[in-house]
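What the sequence shown shows, in this note's numbering, is residues 145 to 325, in sequence order. Here is the structure we will look at, set down as C-alpha cells.
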Amino acid sequence: MVLAGAQAPGAVGFRAAADTRPGPDSLAARAARLARPLAPGERIDVDRADAEELTRLPRIGPALARRIVTDREQHGAFGSLEELDRVAGIGPVLLETIDRTVTFSGRVPARGIGAGRVRVRLNSASAEELATLPGIGSVRAAEIVANRHQHGPFRHLDDLQRVPGIGPRTVERLRDLVQLP
Numbered sequence: 145m146v147l148a149g150a151q152a153p154g155a156v157g158f159r160a161a162a163d164t165r166p167g168p169d170s171l172a173a174r175a176a177r178l179a180r181p182l183a184p185g186e187r188i189d190v191d192r193a194d195a196e197e198l199t200r201l202p203r204i205g206p207a208l209a210r211r212i213v214t215d216r217e218q219h220g221a222f223g224s225l226e227e228l229d230r231v232a233g234i235g236p237v238l239l240e241t242i243d244r245t246v247t248f249s250g251r252v253p254a255r256g257i258g259a260g261r262v263r264v265r266l267n268s269a270s271a272e273e274l275a276t277l278p279g280i281g282s283v284r285a286a287e288i289v290a291n292r293h294q295h296g297p298f299r300h301l302d303d304l305q306r307v308p309g310i311g312p313r314t315v316e317r318l319r320d321l322v323q324l325p
C-alpha cells in the first residue's frame, strides 16, 4: 500500500494493524473462568475442549492438557474414557479421578476385526504403529518394543502383561486388534 505523503518516489509504507490482543477486561474474565473450579455436576467435553479448559479438570496440568489436544487432533475424537487412556500420562488412577467430570461428544471408535482396521503385528510393529492402538500411546508402545527386544517375541497375547502399565483389561481391548504369528 502506498501512503500519501511518502518521502521518496516509489517508497512504500504500511499502516499498523489494529491491535487485536484481548483487553485487560477480557483477559481477567478468561482467567477467572479458567481458575474457577468445576461446579457440582459440571462436566468438560474432552472431545471439544481446548487445552486451557482441560486444565480445569482435577490433576490435569497444562502439559498433559496439550498432549490430550494434540492426540485428539492427530487421531480423532476419543469418544470414551477408555480411549482417553491412549494419551501418555493418563492412567487408571487419573481416569478414575476425572470420570465424573468429563463427557465425550465424539463417536466411540469401532472395534473388532470388521471395524476397518488392519491388525497390528505385535512382534514386528514399530513403536509408532503400536501407539495407534487404544490404551497404548507412545510411552507404552516404546516399552512394548523394549520388552520385546529384552525378553524376545510375545508368544501369547497375555504375555503383554509383562510390560509395565498393561493389565488384563488392556490385553482384552487389544485382542481383536493385534496378531501374533
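Beta carbons: idealized from backbone N, C-alpha and C, even for Gly.
Skipping 5 residues on each side, what residues in its chain have a beta carbon closer than 6 Å to that of L266?
As a working note, residue 266 is residue 122 in the sequence shown. Excluding the 5 residues flanking it on each side, L266 has same chain C-beta neighbours closer than 6 Å at F298, V322 and L324, in chain order.
Rounded to whole angstroms, how far is the Cβ of P202 from the Cβ of I242, which I believe are closer than 8 Å?
Position 58 of the sequence shown, counting from 1, holds the residue named residue 202. Position 98 of the sequence shown, counting from 1, holds the residue named residue 242. For P202 against I242, the beta-carbon gap comes to about 6 Å, under 8 Å, which counts as contact.
Mapping the DSSP letters down to three states, classify D189 as helix, strand or coil.
Here the question's residue 189 lines up with position 45 in the sequence shown. Correct three-state label for D189: strand.
Could you tell me whether the Cβ atoms of R200 and I212 are closer together than 9 Å?
Sequence index remark: in the sequence shown, residue 200 carries index 56 (1-based). Sequence index remark: in the sequence shown, residue 212 carries index 68 (1-based). No, these two residues do not count as a Cβ contact at 9 Å.
Would you call the region 290-308 and the region 231-251 in contact, with 3 or more CB pairs under 8 Å?
In this structure the region 290-308 does not touch the region 231-251; the number of beta carbon pairs closer than 8 Å is below three.
Please classify A285 as buried or exposed, where buried requires at least 16 neighbouring CB atoms within 10 angstroms.
For the purposes of this step, residue 285 is identified with residue 141 of the sequence shown, where counting begins at 1. Flag for A285 reads buried.
How far does the alpha helix (DSSP H) with H219 in it reach, from first residue to last?
As a working mapping, residue 219 is identified with position 75 in the sequence shown. From DSSP, the alpha helix (DSSP H) with H219 extends over P206 to H219.
Taking the alpha helix (DSSP H) that G279 falls in, what are its first and last residues?
On the sequence shown, residue 279 is found 135 positions in, with the first residue counted as 1. Boundaries cannot be given for G279, as no alpha helix (DSSP H) includes it and DSSP labels it neither H nor E.
Could you tell me the distance, in whole angstroms, from the CA atom of E287 to the CA atom of D191?
Along the sequence shown, one-based indexing puts residue 287 at 143. Along the sequence shown, one-based indexing puts residue 191 at 47. Their backbone Cα atoms lie some 27 Å apart in a straight line.
Identified DSSP bridge partners for Q305
If you number the sequence shown from 1, residue 305 lands on position 161. Answer is none; Q305 lacks a bridge partner.
Can you tell which of V289, S170 and P236 has the C-alpha that lies nearest to the C-alpha of V307?
Along the sequence shown, one-based indexing puts residue 307 at 163. For V307, the closest C-alpha among the options V289, S170 and P236 is that of V289.
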